[in-house]
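Peer 1: Okay, so the sequence shown: first residue is 0 according to numbering that gives the first Met the number 0, each after it adds one.
Positions of the beta carbon are idealized from the N, C-alpha and C atoms, including for glycine.
None of the values given here were measured: they were computed from a predicted structure.
Here you go, one structure.
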Amino acid sequence: MDHSPVRAFSDGRVANRVCMWVNKFHEQTTVTASYQRNPIAYESIARYRETMRSVFVRVADGRPVTIPRMPVPLRR
């Protein structure tokens, strides 16, 4: 990956943000996340990542994907 044209920049001044990016390679897809270091953020990102993974697997298997839209309570 030394010759990859992908770059990421940040000035580091924004607090409480979540950054996620998806990389599709020939043999795999990866999801990377940068988020605040606390248990609530970890739980939220883990839940979101698992949902993304289940959708990716369904698509790769050729199965239909239906994502219900329901309100999710915010934890503070």
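Which residue wins for smallest C-alpha separation from Phe29, given the options Arg48, Glu42, Pro70?
Peer 2: Counting from 1 along the sequence shown, the entry for residue 29 is found at position 30. One detail in the question is off: residue 29 reads as Thr in this sequence, not Phe. Closest by alpha carbon: Arg48.
Peer 1: Pick out the complete alpha helix (DSSP H) segments inside the region 14-64, 4 residues or longer, and give them in chain order.
Peer 2: For the alpha helix (DSSP H) assignment, the uninterrupted runs of no fewer than 4 residues enclosed by the region 14-64 are, from N- to C-terminal side, 38-59.
Peer 1: Sorry if obvious, but does the Cβ on Ser43 come closer than 7 Å to a heavy atom of the ligand PLP?
Peer 2: The model depicted lacks the ligand PLP and carries no ligand whatsoever.
Peer 1: With a CB to CB cut of under 7 Å and the five nearest residues on each side skipped, what residues in its chain are close to Tyr34?
Peer 2: The count along the sequence shown starts at 1 and reaches residue 34 at position 35. The answer, listed in chain order, is Val17, Ala40, Ile44.
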